[in-house]
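Contents: one structure, followed by commentary.
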Amino acid sequence: MSAEGTIRERILKLLLQSSRPLSAAEIATELGLDPRRAERDIYEHLRHLAKTVKRRVPGYRIYMVPPTCLSCGYVFSNLDKPRKPSKCPRCRSQRIAPPRFYLSRE
Ligand SMILES: [Zn+2]
């Protein structure tokens, strides 16, 4: 088994066990990784994992709570893929709450 496969399985297990949505930084921390360095990779893993769950785990999906601007409340509801936007398009603030992820029934 590849290391990639292993880390995705660990992320899936974390989402299964968590009672609340988790951010990429929280997932990285739980996995013993440096959240600042691993955040981008975690988003990539989540993107793949969402596809895997859709294909192989009937009845379940990985959902994303969209990022929001902490200054004006703007919701980034139409992101093409999971990531943390750097700036709010409405008020230009950089205080953005990152997206959070959870596993749930469809
Ligand atoms: Zn804003």
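Sequential numbering of the sequence shown, starting at 19, is according to the numbering used here. Glycine included, each C-beta is placed from N, C-alpha and C at the ideal position.
If residue i and residue j are in contact, beta carbons under 8 Å, what's the gap, nearest whole angstrom?
| i | j | result |
| --- | --- | --- |
| A68 | E57 | Wrong, their Cβ atoms sit about 17 Å apart, outside the cutoff. |
| I29 | L64 | 7 Å |
| S89 | C109 | 5 Å |
Is the separation between the beta-carbon of residue i and that of residue j shorter than 7 Å?
| i | j | result |
| --- | --- | --- |
| V71 | Y81 | no |
| I114 | P84 | no |
| E48 | L32 | yes |
| F119 | L40 | yes |
Comparing the CB of residue i with every heavy atom of ligand 1, is any distance shorter than 6 Å?
| i | result |
| --- | --- |
| S104 | no |
| S95 | no |
| R54 | no |
| Y92 | yes |
| R38 | no |
| R123 | no |
In terms of alpha-carbon separation, which member of the options lies closest to residue i?
| i | options | result |
| --- | --- | --- |
| S95 | P116, I60, S122 and T47 | P116 |
| C87 | D98, P76, P103 and R73 | P103 |
| P107 | Y120, G91 and I60 | G91 |
Kindly indicate which three-state DSSP category residue i falls into: helix, strand or coil?
| i | result |
| --- | --- |
| L64 | helix |
| L97 | coil |
| R55 | helix |
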